[in-house]
Amino acid sequence: MKVANAILARVVFILMLLYSLTHGMRGNAQETQPDQVWLEPPRPTATQSTWYPQAIETVSGEIAEFDAKRMVLQNRQTKQQRVVAAARVLWVEVGAKDKQQSLAIEQFMKGGFNESLRSLLETLKQRPPIWQQQWLSMMAAQAAWRSGRAAIAIKLVEQLDRRPLPPLVLAWLPVAWSSSRVESETRKVADDQLDNPSPAVRLIAASWLLSSDRRDAAAQTLAGLSRDNARPEIAKLAEVLRWRTTAPPDIARQATRWQEKLDALPLVMQVGPTITLMERFEAGGLTAEATRLRLSLQKTPPHPHPDLINFPPR
Numbered sequence: 001m002k003v004a005n006a007i008l009a010r011v012v013f014i015l016m017l018l019y020s021l022t023h024g025m026r027g028n029a030q031e032t033q034p035d036q037v038w039l040e041p042p043r044p045t046a047t048q049s050t051w052y053p054q055a056i057e058t059v060s061g062e063i064a065e066f067d068a069k070r071m072v073l074q075n076r077q078t079k080q081q082r083v084v085a086a087a088r089v090l091w092v093e094v095g096a097k098d099k100q101q102s103l104a105i106e107q108f109m110k111g112g113f114n115e116s117l118r119s120l121l122e123t124l125k126q127r128p129p130i131w132q133q134q135w136l137s138m139m140a141a142q143a144a145w146r147s148g149r150a151a152i153a154i155k156l157v158e159q160l161d162r163r164p165l166p167p168l169v170l171a172w173l174p175v176a177w178s179s180s181r182v183e184s185e186t187r188k189v190a191d192d193q194l195d196n197p198s199p200a201v202r203l204i205a206a207s208w209l210l211s212s213d214r215r216d217a218a219a220q221t222l223a224g225l226s227r228d229n230a231r232p233e234i235a236k237l238a239e240v241l242r243w244r245t246t247a248p249p250d251i252a253r254q255a256t257r258w259q260e261k262l263d264a265l266p267l268v269m270q271v272g273p274t275i276t277l278m279e280r281f282e283a284g285g286l287t288a289e290a291t292r293l294r295l296s297l298q299k300t301p302p303h304p305h306p307d308l309i310n311f312p313p314r
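The sequence shown begins at 1 in the UniProt record's numbering and counts up one residue at a time.
Have a look at this one:
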C-alpha cells in the first residue's frame with residue numbers, strides 16, 4: 001500500500017513536470033512568469049492515516065530565499081510570503097531564465113554534457129541568484145564528470161561545499177551510485193581527494209574509487225563520513241554508499257533495514273540511493289525487490305536526475 005500510494009502521489013507531478021520541461025524552456029529574458037516549485041507532501045504523523053496518498057504540491061511565486069534550511073516564496077501581487085522546509089523542495093522551474101540558461105539545461109537533459117558544460121559556465125558568469133548559482137554549478141559538476149573532466153567536477157563541488165546547500169542541490173552531487181569501470185584519470189583525481197577538507201568532495205571521490213583497486217581506502221573514507229554528525233546529509237549518503245561493499249550472500253538479511261533507511265531520506269534525495277539499493281538487490285538475488293525499485297524510477301521518479309537520463313543502463 002505504501003508503494004502504491006507513493007506512485008499515485010507522483011503521477012500528477014510527473015505530468016506537470018513534463019509539460020514544464022518541454023514548454024518552459026522556450027521563454028526568453030523578457031518573460032516574467034512566476035517560479036514553479038514542486039513540494040513533497042508533509043510526512044504523516046502518528047495519528048494521521050496513510051490510506052489515502054497525499055499529492056505532490058505545486059506552488060508558484062517568486063523565490064526570495066532558498067538555502068539549506070528553507071525556501072521563501074513571495075506572491076508578486078500581494079507580497080505575502082510562504083516559508084517551506086528546504087527538504088520538501090523536489091524541483092524548481094525558474095520563471096525568468098534567459099536563452100543561455102534554457103539552452104544549458106536543455107543540452108544537459110538530452111545528455112549533451114560537453115556542450116552543456118560550456119553553456120553552464122557561460123550562464124554562471126551572469127551571476128544569477130545564489131541558489132541558482134549553486135544548482136547550476138552542481139549541474140556543471142555533473143556535466144564535467146560525465147564528460148571525462150573529473151578535476152573540474154571536484155573543483156566545482158569544493159567551492160560549493162563552502163556553504164550549506166539545499167537538499168535539491170546535494171541530490172545532484174556527482175556521486176557514482178552504481179558500479180562501473182573507472183577511467184584512469186578519474187581514479188587519479190579521486191585518489192588525490194580522499195583527504196580533502198570538504199566532506200562532499202571526499203564522498204564523491206570515495207564513490208568513484210569503490211569500483212577500483214582503491215576500494216578499501218574508499219570504504220574507510222565512507223565509514224568516517226557516515227559518522228560525521230556535523231554533516232548529517234552527507235553522513236546518510238555515505239552510509240548508503242557503504243552498501244556497495246556488502247558481499248552478495250549478506251544482502252538479503254540487510255534488505256529490510258536498507259529499505260527503511262531509503263524511505264527515511266527526504267524524497268528529493270532518494271534517486272541515487274534507490275539506484276544503489278536496486279543494484280544491491282540484484283547482486284543479492286532479490287529480483288522482485290530490484291524490479292520494484294527499477295519500475296519506480298522508470299515510471300514515477302521524484303524529480304529529474306542525471307542518473308535517469310539514460311535509465312535503465314541496460
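Positions of the beta carbon are idealized from the N, C-alpha and C atoms, including for glycine.
Exercise. Would you give the residue range spanned by the beta strand (DSSP E) that residue 66 belongs to?
Key: 57 to 66
Practice problem: Could you work out which residue in 249, 309, 63, 130 is closest to residue 281 when comparing CA atoms only? | Solution: 249
Practice problem: Report the residue ranges of all beta strand (DSSP E) runs contained in full by the region 69 to 146; include only those spanning at least 3 residues, in chain order. | Solution: 70 to 74, 81 to 85, 89 to 93
Quiz item: Which first and last residues belong to the alpha helix (DSSP H) in which residue 38 is found?
Solution: Looking at the DSSP string, residue 38 is not in any alpha helix (DSSP H); the run it does join, the beta strand (DSSP E), is 35 to 39.
Quiz item: Roughly how many angstroms separate the alpha carbons of residue 127 and residue 189, rounded to a whole number?
Solution: 29 Å
Practice problem: Within 10 angstroms of the Cβ of residue 214, are there 16 or more other Cβ atoms? Answer buried if so, exposed if not. | Solution: Looking at its Cβ environment, which holds 16 or more other Cβ atoms inside 10 Å, residue 214 is buried.
Quiz item: Are the beta-carbon atoms belonging to residue 273 and residue 267 less than 8 Å from one another?
Solution: no
Practice problem: Would you kindly report the start and end of the unbroken alpha helix (DSSP H) that includes residue 302? | Solution: Segment: none, residue 302 is in no alpha helix (DSSP H) and carries neither H nor E.
Quiz item: Buried or exposed: where does residue 111 fall if 16 or more other Cβ atoms within 10 Å of its Cβ makes it buried?
Solution: exposed
Quiz item: So the alpha helix (DSSP H) residue 157 belongs to, where does it begin and stop?
Solution: Here the alpha helix (DSSP H) through residue 157 covers 150 to 160.
Quiz prompt | Contact between the region 65 to 73 and the region 83 to 94 (3+ Cβ pairs under 8 Å) | solution = yes
Quiz item: Contact between the region 115 to 132 and the region 78 to 90: three or more CB pairs below 8 Å?
Solution: With fewer than three CB-CB distances shorter than 8 Å, the region 115 to 132 does not count as touching the region 78 to 90.
Quiz item: What is the DSSP secondary structure of residue 175, counted as helix, strand or coil?
Solution: coil
Quiz item: What whole-angstrom Cβ distance do residue 63 and residue 35 have, given they're in contact under 8 Å?
Solution: 5 Å
Quiz item: What first and last residue would you give for the alpha helix (DSSP H) that runs through residue 257?
Solution: 255 to 264
Quiz item: For the candidate residues 177, 155, 236, whose alpha-carbon lies nearest to that of residue 167?
Solution: 236
Quiz item: Mind checking whether residue 224 and residue 183 have CB atoms under 8 Å apart?
Solution: no
Quiz item: Can you name the start and end residues of the alpha helix (DSSP H) that residue 270 belongs to?
Solution: Per DSSP, residue 270 belongs to no alpha helix (DSSP H) and is neither H nor E.
Practice problem: Could you check if residue 187 is buried or exposed, using at least 16 other CB atoms within 10 Å of its CB as the buried criterion? | Solution: By the neighbour-count criterion, in which 16 or more other beta carbons inside 10 Å mark a residue as buried, residue 187 falls on the buried side.
Self-check item: Close Cβ partners of residue 60 (< 6 Å) along its chain, the five nearest in sequence each way excluded
Solution: 34, 36
Practice problem: Count the other CB atoms, across all protein chains shown, that sit within 10 Å of the CB of residue 42; report buried if there are 16 or more and exposed otherwise. | Solution: exposed
Quiz item: Among residues of its own chain, excluding the 5 on either side of residue 332, which ones have a beta-carbon nearer than 6 Å to its beta-carbon?
Solution: The question about residue 332 has no answer, for the chain in this structure spans 1 to 314.
Quiz item: Start and end of the alpha helix (DSSP H) containing residue 168?
Solution: 167 to 170
Self-check item: Length-filtered (4 minimum) alpha helix (DSSP H) runs lying within the region 210 to 245
Solution: 215 to 225, 232 to 242
Quiz prompt | Contact set for residue 198: own chain, Cβ-Cβ below 6 Å, skip 5 residues either direction | solution = 158, 161
Self-check item: Cα-Cα separation between residue 309 and residue 80, rounded to whole angstroms
Solution: 37 Å
Quiz item: Going by the CB atoms, is the gap between residue 204 and residue 169 shorter than 8 Å?
Solution: Not closer than 8 Å, so no.
Quiz item: Leaving out the 5 sequence neighbours to the left and right, which residues in its chain are closer than 7 Å to residue 307 when beta-carbon positions are compared?
Solution: 177, 271, 272, 275
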